[in-house]
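Trainee: In the working numbering, the protein residues as written are 220 to 313.
Below you will find the structure I want to go over with you.
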Amino acid sequence: MPTSQPSAAILTSGYNQGPIKLLLVVSSSKIGALEALLDTYVEIGEMIPGLKQFDSIFRMCPLVLEVLELYICDILQFHAFAMDVFTRPGEFLA
Numbered sequence: 220m221p222t223s224q225p226s227a228a229i230l231t232s233g234y235n236q237g238p239i240k241l242l243l244v245v246s247s248s249k250i251g252a253l254e255a256l257l258d259t260y261v262e263i264g265e266m267i268p269g270l271k272q273f274d275s276i277f278r279m280c281p282l283v284l285e286v287l288e289l290y291i292c293d294i295l296q297f298h299a300f301a302m303d304v305f306t307r308p309g310e311f312l313a
């Protein structure tokens, strides 16, 4: 009865290496992008607790509060872009 396992010659042939290489390149770029995204979220998360020390300034000075609003808007815009990248990866990741 023949085995269903491929021979070593088939696995090492150039015919199989092209698709495997393509798969590795594509998956590594997506994994790299995901790792970069997660690292960025970690950085953002580490910054937010530090803003607590400026709580009284935010309450007393509306102009400084506007800067905080811009900071939060930037985070939300970044999040929206990240959602676009990972919901439509073919347009952004090669």
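Just so it is clear, CB atoms sit at the ideal spot from N, CA and C, and this is done for glycine as well.
Being a predicted model, the structure only gives us computed values, none of them experimental.
If I follow the unbroken alpha helix (DSSP H) through residue 281, where does it start and stop?
Mentor: Here residue 281 refers to the residue found at position 62 when the sequence shown is read from its first residue. It spans 281-306 - the alpha helix (DSSP H) in which residue 281 sits, taken as one unbroken run.
Trainee: Is the beta carbon of residue 277 closer than 7 Å to that of residue 287?
Mentor: In the sequence shown, the residue the question calls residue 287 occupies position 68. In the sequence shown, the residue the question calls residue 277 occupies position 58. For residue 287 and residue 277, yes; Cβs fall inside 7 Å.
Trainee: Let me make sure I understand the geometry here. Which of 256, 250, 263 and 248 has the alpha-carbon closest to that of residue 291?
Mentor: As a position in the sequence shown, residue 291 is number 72, starting the count at 1. Distance from the Cα of residue 291 is smallest, within the candidate group 256, 250, 263 and 248, for 263.
Trainee: I need the straight-line Cα distance from residue 261 to residue 300, nearest angstrom please.
Mentor: Here residue 261 is taken as the residue at index 42 of the sequence shown, counted from 1. Here residue 300 is taken as the residue at index 81 of the sequence shown, counted from 1. Rounded to the nearest whole angstrom, the C-alpha separation of residue 261 and residue 300 is 17 Å.
Trainee: Since I believe residue 304 is in contact with residue 255 (beta carbons under 8 Å), could you give me their beta-carbon distance rounded to a whole number of angstroms?
Mentor: Counting from 1 along the sequence shown, the entry for residue 255 is found at position 36. Counting from 1 along the sequence shown, the entry for residue 304 is found at position 85. At roughly 10 Å, the Cβ-Cβ gap does not stay under 8 Å, so residue 255 and residue 304 are not in contact.
Trainee: Which residues in the same chain have their Cβ closer than 7 Å to the Cβ of residue 283, if we skip the five residues on either side of it in sequence?
Mentor: Counting from 1 along the sequence shown, the entry for residue 283 is found at position 64. 276 and 277.
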